[in-house]
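Student: Protein sequence lines, in the order shown, are assigned to chains D and P. Each step along the first sequence adds one to the number in UniProt numbering, with nothing skipped, and position 344 is 344. Each step along the second sequence adds one to the number in UniProt numbering, with nothing skipped, and position 88 is 88.
Protein chains: 2
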Amino acid sequence: MCCTAPMSQRAAKKAKLDKPSKLDPLALKKRLKAPDEILKEVRLLAQELKSQPELSRTLSELGLLESCREVKEKDAHGVLDEIESAIFQVAVTILNGQGFSYSVPSRAKGNQLYVPQLDRIVLKDSASQRPFASTATCRRAVITTRILQLVHELCVKHIHVTKRDLFYTDVKLFEEQNNSDSVLDDVACMLSCTRSSLHVVASEKGVVVGRLTFQEDGDVINCARMGVGGKAIPPNVDKVSNVQSDAMFILLVEKDAAFMRLAEDRFYNHYPCIIITAKGQPDVASRLFLRKLKLELKIPVLALVDADPYGLKILSVYMKGSMNMSYDSTNLTTPDIKWLGVRPSDLERFSIPEQCRLPMTDEDVKTGKKLLEEDFIQANPEWVKELQIMVASRVKAEIQALSSFGFQYLSQVYLPLKLQEGDWV
Amino acid sequence: MCCTAPMSQRAAKKAKLDKPSKLDPLALKKRLKAPDEILKEVRLLAQELKSQPELSRTLSELGLLESCREVKEKDAHGVLDEIESAIFQVAVTILNGQGFSYSVPSRAKGNQLYVPQLDRIVLKDSASQRPFASTATCRRAVITTRILQLVHELCVKHIHVTKRDLFYTDVKLFEEQNNSDSVLDDVACMLSCTRSSLHVVASEKGVVVGRLTFQEDGDVINCARMGVGGKAIPPNVDKVSNVQSDAMFILLVEKDAAFMRLAEDRFYNHYPCIIITAKGQPDVASRLFLRKLKLELKIPVLALVDADPYGLKILSVYMKGSMNMSYDSTNLTTPDIKWLGVRPSDLERFSIPEQCRLPMTDEDVKTGKKLLEEDFIQANPEWVKELQIMVASRVKAEIQALSSFGFQYLSQVYLPLKLQEGDWV
Chain D
1 MCCTAPMSQR AAKKAKLDKP SKLDPLALKK RLKAPDEILK EVRLLAQELK SQPELSRTLS
61 ELGLLESCRE VKEKDAHGVL DEIESAIFQV AVTILNGQGF SYSVPSRAKG NQLYVPQLDR
121 IVLKDSASQR PFASTATCRR AVITTRILQL VHELCVKHIH VTKRDLFYTD VKLFEEQNNS
181 DSVLDDVACM LSCTRSSLHV VASEKGVVVG RLTFQEDGDV INCARMGVGG KAIPPNVDKV
241 SNVQSDAMFI LLVEKDAAFM RLAEDRFYNH YPCIIITAKG QPDVASRLFL RKLKLELKIP
301 VLALVDADPY GLKILSVYMK GSMNMSYDST NLTTPDIKWL GVRPSDLERF SIPEQCRLPM
361 TDEDVKTGKK LLEEDFIQAN PEWVKELQIM VASRVKAEIQ ALSSFGFQYL SQVYLPLKLQ
421 EGDWV
Chain P
1 MCCTAPMSQR AAKKAKLDKP SKLDPLALKK RLKAPDEILK EVRLLAQELK SQPELSRTLS
61 ELGLLESCRE VKEKDAHGVL DEIESAIFQV AVTILNGQGF SYSVPSRAKG NQLYVPQLDR
121 IVLKDSASQR PFASTATCRR AVITTRILQL VHELCVKHIH VTKRDLFYTD VKLFEEQNNS
181 DSVLDDVACM LSCTRSSLHV VASEKGVVVG RLTFQEDGDV INCARMGVGG KAIPPNVDKV
241 SNVQSDAMFI LLVEKDAAFM RLAEDRFYNH YPCIIITAKG QPDVASRLFL RKLKLELKIP
301 VLALVDADPY GLKILSVYMK GSMNMSYDST NLTTPDIKWL GVRPSDLERF SIPEQCRLPM
361 TDEDVKTGKK LLEEDFIQAN PEWVKELQIM VASRVKAEIQ ALSSFGFQYL SQVYLPLKLQ
421 EGDWV
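1) Listed in chain order, which residues of the segment 221-235 of chain P have Cβ atoms closer than 7 Å to some Cβ of chain D?
2) From residue 365(P) to residue 336(D), what does the alpha carbon distance come to, in whole angstroms?
3) What are the boundary residues of the beta strand (DSSP E) that includes residue 362(D)?
4) Rounded to the nearest angstrom, what separates residue 45(P) and residue 376(P) at their Cα positions?
5) Return the chain-ordered list of same chain residues with a C-beta closer than 8 Å to the C-beta of residue 306(P), the five sequence neighbours on each side being excluded.
6) Check each candidate in 288(P), 331(P), 151(P) and 275(P) and name the one with the smallest Cα separation from residue 301(P).
7) Give me the Cα-Cα distance between residue 416(P) and residue 236(D), rounded to the nearest whole angstrom.
8) Is there a Cβ from chain D that is less than 7 Å from the Cβ of residue 390(P)?
9) Rounded to whole angstroms, what is the Cα-Cα separation between residue 180(D) and residue 147(D)?
10) Could you confirm whether any beta carbon from chain D is found closer than 7 Å to the beta carbon of residue 162(P)?
11) For residue 231(D), which residues in the same chain have their Cβ closer than 8 Å to its Cβ, ignoring the five residues on either side in sequence?
12) Let's see if you can read the secondary structure: which residues bound the alpha helix (DSSP H) around residue 427(D)?
13) Using a Cβ-Cβ cut-off of less than 8 Å, give me the residues of the segment 65-89 of chain D that come near chain P, in sequence order.
14) Along chain A, in chain order, which residues have C-beta atoms closer than 7 Å to that of residue 204(P)?
15) Nearest chain P C-beta to residue 412(D) closer than 7 Å, yes or no?
16) Using a C-beta to C-beta distance shorter than 9 Å, which residues of chain P count as neighbours of residue 168(D)?
17) List the residues of chain P that residue 264(D) touches, going by C-beta distances under 7 Å, in chain order.
18) Start and end of the alpha helix (DSSP H) containing residue 216(P)?
19) Taking the straight line between their C-alpha atoms, what separation do you get for residue 8(D) and residue 406(D)?
20) Please go through the same chain and pick out, in chain order, the residues whose beta-carbon is closer than 6 Å to the beta-carbon of residue 41(P), but skip the five residues on each side of it.
21) Is the shortest distance between the beta-carbon of residue 360(P) and the beta-carbons of chain D less than 7 Å?
22) Could one say the Cβ of residue 257(D) lies closer than 7 Å to chain P's Cβ atoms, at least one of them?
23) Using three-state DSSP, classify residue 92(P) as helix, strand or coil.
24) Residue 216(D): which of 242(D), 105(D) and 299(D) sits nearest, CA to CA?
25) Specify, as a first and last residue, the run of the beta strand (DSSP E) that residue 72(P) falls within.
26) Could you pull out every unbroken beta strand (DSSP E) segment of at least 3 residues lying fully inside the segment 139-222 of chain P, listed in chain order?
27) For the alpha helix (DSSP H) that residue 383(D) lies in, which residues bound it at each end?
28) Measuring only between beta-carbons, confirm whether residue 190(D) sits less than 7 Å from chain P.
29) For a cutoff of 7 Å on Cβ pairs, would you count residue 407(P) as touching chain D?
30) Using the rule of at least 16 other Cβ atoms within 10 Å of the residue's Cβ for burial, across every protein chain shown, is residue 413(P) buried or exposed?
31) I need the straight-line Cα distance from residue 320(P) to residue 334(P), nearest angstrom please.
32) Using the Cβ count rule (16 or more neighbours within 10 Å means buried), how would you classify residue 170(P)?
33) How many angstroms separate the CA atom of residue 189(D) from the CA atom of residue 105(D)?
34) Are the Cβ atoms of residue 103(D) and residue 131(D) separated by less than 7 Å?
35) What residues of chain P sit near residue 217(D), judged by a beta carbon separation below 8 Å?
36) Whole angstroms are fine: how far does the CA of residue 213(P) sit from the CA of residue 267(P)?
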């Protein structure tokens, strides 16, 4: 019984016969230099990043403050102040004889704006009145009051709950979770703060491992000593403080299986990095966590996703946010993520065997073509090129396709070579 | 702006008017004694458990060894030995002129047996030949050989991969992941060892927090210092060693949101326990982890699940395993889990407001009735009673329904009272 090498070599040779390939995937290991040499390109990227002037331009710098609205992360005291002043405002209006009414910013698509200079979606300034003394808005005004009250309680008690918990606090009033959820987003916009500032959190599903220590609710967490399972990313990023790291980059991994491979091989000990996965579509907690790391550590983020439209969709959620949370996009997004792999051009370059490539469905191709029109893709010609290869070849591949060259090909050859060659776009 | 109390009190009073309720949910807090007093019942349960003779009866003690088959957890060396002897066996058969053939135990439903003395499903002794020199089985014989070879490689290298990785190692041969997956289960039965012994693991999704320390791949993990996010349960339980704890019980939680509440409130500091959730349907890693804790620590496991058929289904997976992994049931199951809550009888007892109770669908009722016939329910008259209440009332409720009495009602009143009264079945 022997290891896979002979089998895979055969597969690789076969692939070579099938079509002209640029590299012999199994000979690539010989090209690898010493770890310190391998990291040269990453070091340059990191220096470049650190020497960049702060790019976080604000709406006021762009002269958009009047016509646009952005929310900010606020601490419990900040939120309490906002709630109290909102209620005070209502009281004043009542005393003026104008009745009990909230002014609620519109979150409709027509009120959303993509700002290229920010590379983010923001809300325009349209808002609507929500008077209590109107049959059309009475119930919603009451729900708004109740949500404001509940958020006030959360901030006073310094506790976090889920949207589901919030709903169950007053099912008689809310009736459907949709009602409490959507008013919660309204309230975030009204108070100009992020939804997570309201102490209402999403359930977490992300995991982190690698060269990172931080404090979480007072506990010191060392992510380099978290075995192979890693540390669960906390649902409430405001409990994370004192972030420290000697990592040179953050490796953002789409899939659980790749994360496990890298964690078990302790990839971060060979190439100092922080490895994060949200196991597919990123949840809010993982996005907030990534953003926090990027902001505090100022190191590059390299992404390892499947070579399919879904992999790019995931990158787009990290980079520019999702539509229904657009009011919160500043605080959720990490622009400037480098696409390390698996890129459509890698399939040829690494001679991924024919049988490990999957045909794209019509739906896939449609999604791919739609992505080609999106601003965040068009902003980067290299991404356009890759996506064009994908759509033209109608072929996709998963990260795991690399397993065809051996289980540890990903951690021992593919990724080190990518780093060594600075092969990201 | 005030806290929820007045609102909830009103709701509670309303519920009281609606129907005769036994307890005023908000007055219950006054009944609570000091933490040490509260834990008296749990202490008795733990003592009872520890004084029980080892109940893990074996097939041979039951005289079933000849007619039944169970698999065991084996370390890498054990698996390598088994593979080598399986291949040796094949070589002998070839030399004897009987040709290249594997003897593969049947995993079909007809070959499964529920053993009440073990409270587990085991495999009966039916097996089939898988000769290479037959058009019907040739491909499957080749796949079996390839899987044996790959597992051999994993055990030699001491690395773990997912089923998906395994599939991608030789897509040309396997064609569909079904093929490599099902042969992997065959191989586990052939070698009489668990699937996780083969170093093929499922992706983890469980989280743990509380009074527990263990070593994971050499790293010391202290689950009492894991912030509010907790520690991700490792995909490979064989890397977990040196389990230590001063916890008095394990609290098994169905839902993420309840886990978060208990973690943030540091419930385990008030009532020494280990809190585990698999976020819904338990994955293999979480089941293995729970079983390991129970075996090593010999402390009671108390379950907090939704009061619906799905909550019981989840308990059944923990306690007696799922059908398609029945050959592995011994090593995956934790019998003797106590059902703490939320039980159908709690809905009346704690006066859960009418609007927080959900009507059961016809599908729910069907599932409930089917569960009533299952052995693991019938073995416990109290469970039967609870399930009968659920089916008769056609009403279900989620753990979060307790939020209607305040966000921290779960951690500050409901659970302490349950513990104090020894209210589990």
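Ideal Cβ positions, reconstructed from N, Cα and C, are used throughout, including at glycine.
Tutor: If we stick to the structure as given:
1) The segment 221-235 of chain P vs chain D, Cβ under 7 Å: 221, 225, 226, 227, 228, 229, 230, 231, 232, 233, 234 and 235.
2) The residue labelled residue 365(P) in the question sits at position 365 within the second sequence. The residue labelled residue 336(D) in the question sits at position 336 within the first sequence. Going from the Cα of residue 365(P) to the Cα of residue 336(D) covers about 51 Å.
3) In the first sequence, residue 362(D) corresponds to position 362, counting from 1. Here residue 362(D) belongs to no beta strand (DSSP E); instead the alpha helix (DSSP H) covers 362-372.
4) On the second sequence, residue 45(P) is found 45 positions in, with the first residue counted as 1. On the second sequence, residue 376(P) is found 376 positions in, with the first residue counted as 1. One C-alpha to the other measures close to 20 Å.
5) Position 306 of the second sequence holds residue 306(P). Annotation for residue 306(P): 254, 255, 342, 396, 397, 398 and 399 place their beta carbon closer than 8 Å to its own, counting only its chain and skipping 5 residues before and after.
6) In the second sequence, the residue the question calls residue 301(P) occupies position 301. Here the closest residue by C-alpha is 275(P).
7) The residue you call residue 416(P) lines up with position 416 of the second sequence. The residue you call residue 236(D) lines up with position 236 of the first sequence. Looking at the two C-alpha atoms, the distance is approximately 25 Å.
8) For this step, residue 390(P) is matched to residue 390 along the second sequence. Chain D places no beta carbon closer than 7 Å to that of residue 390(P), leaving this residue out of the contacts.
9) Looking up residue 180(D) in the first sequence gives position 180. Looking up residue 147(D) in the first sequence gives position 147. When the Cα atoms are used, residue 180(D) and residue 147(D) turn out to be separated by approximately 7 Å.
10) The residue you call residue 162(P) lines up with position 162 of the second sequence. Against chain D, the CB of residue 162(P) has a partner CB under 7 Å away; the residue lies at that interface.
11) Start at 1 with the first residue of the first sequence, and residue 231(D) comes out as number 231. Answer for residue 231(D): 207, 208, 209, 221 and 223, listed in chain order.
12) Nothing about residue 427(D) can be reported from this structure: the residues present for chain D run from 1 to 425 only.
13) Hits within the stretch, in order: 83, 84 and 87.
14) No chain A is present in this structure, whose protein chains are D and P.
15) Counting from 1 along the first sequence, the entry for residue 412(D) is found at position 412. Chain P, which has no Cβ nearer than 7 Å to the Cβ of residue 412(D), makes this no.
16) Within the first sequence, the letter at position 168 stands for residue 168(D). Counting only Cβ-Cβ distances below 9 Å, residue 168(D) has contacts in chain P at 356, 398, 400, 401, 402, 403 and 404, in chain order.
17) One-based indexing of the first sequence puts residue 264(D) at position 264. Going along chain P in sequence order, the residues near residue 264(D) (Cβ under 7 Å) are 159 and 160.
18) For this step, residue 216(P) is matched to residue 216 along the second sequence. First-last for residue 216(P): 213-216, but that is the beta strand (DSSP E), not the alpha helix (DSSP H).
19) Taking the first residue of the first sequence as 1, we reach residue 8(D) at position 8. Taking the first residue of the first sequence as 1, we reach residue 406(D) at position 406. Reliability of the predicted coordinates at residue 8(D) is poor, the pLDDT of 45 falling under 50, and the value obtained from them is presented with this limitation in mind. Cα-Cα distance, rounded: 7 Å.
20) The residue labelled residue 41(P) in the question sits at position 41 within the second sequence. Counting only Cβ-Cβ distances below 6 Å, and skipping sequence neighbours, we find 422.
21) In the second sequence, the residue the question calls residue 360(P) occupies position 360. No, no contact with chain D.
22) Within the first sequence, the letter at position 257 stands for residue 257(D). It does: the Cβ of residue 257(D) has a partner Cβ on chain P nearer than 7 Å.
23) Counting from 1 along the second sequence, the entry for residue 92(P) is found at position 92. When DSSP states are grouped into helix, strand and coil, residue 92(P) belongs to the helix group.
24) Working through the first sequence from its first residue, we reach residue 216(D) at position 216. Measuring C-alpha to C-alpha distances from residue 216(D) to each of 242(D), 105(D) and 299(D) identifies 242(D) as the nearest.
25) For the purposes of this step, residue 72(P) is taken as the residue at position 72 of the second sequence. Careful: residue 72(P) lies outside any beta strand (DSSP E) and carries neither H nor E.
26) Counting whole runs of 3 or more residues, the segment 139-222 of chain P contains the beta strand (DSSP E) stretches 207-210, 213-216 and 219-222.
27) Residue numbering aside, residue 383(D) sits at position 383 when the first sequence is read from its first letter. DSSP places residue 383(D) in the uninterrupted alpha helix (DSSP H) bounded by 381-393.
28) By 1-based counting over the first sequence, the position of residue 190(D) is 190. No, residue 190(D) does not count as interfacial toward chain P.
29) Residue numbering aside, residue 407(P) sits at position 407 when the second sequence is read from its first letter. Output row for residue 407(P): interface = yes.
30) Locating residue 413(P) in the second sequence gives position 413, counting from the first residue. Result: buried.
31) Your numbering for residue 320(P) matches position 320 in the second sequence. Your numbering for residue 334(P) matches position 334 in the second sequence. Distance between the alpha carbons of residue 320(P) and residue 334(P): 7 Å.
32) The sequence position of residue 170(P) within the second sequence is 170, counting from 1. Flag for residue 170(P) reads buried.
33) As a working note, residue 189(D) is residue 189 in the first sequence. As a working note, residue 105(D) is residue 105 in the first sequence. If I take the Cα positions, the gap works out to 6 Å.
34) The residue labelled residue 103(D) in the question sits at position 103 within the first sequence. The residue labelled residue 131(D) in the question sits at position 131 within the first sequence. Result no, Cβ atoms of residue 103(D) and residue 131(D) do not sit closer than 7 Å.
35) One-based indexing of the first sequence puts residue 217(D) at position 217. Listed along chain P are 227, 228 and 264, each with a C-beta nearer than 8 Å to that of residue 217(D).
36) Taking the second sequence and counting its residues from 1, the one referred to as residue 267(P) is at position 267. Taking the second sequence and counting its residues from 1, the one referred to as residue 213(P) is at position 213. Going from the Cα of residue 267(P) to the Cα of residue 213(P) covers about 17 Å.
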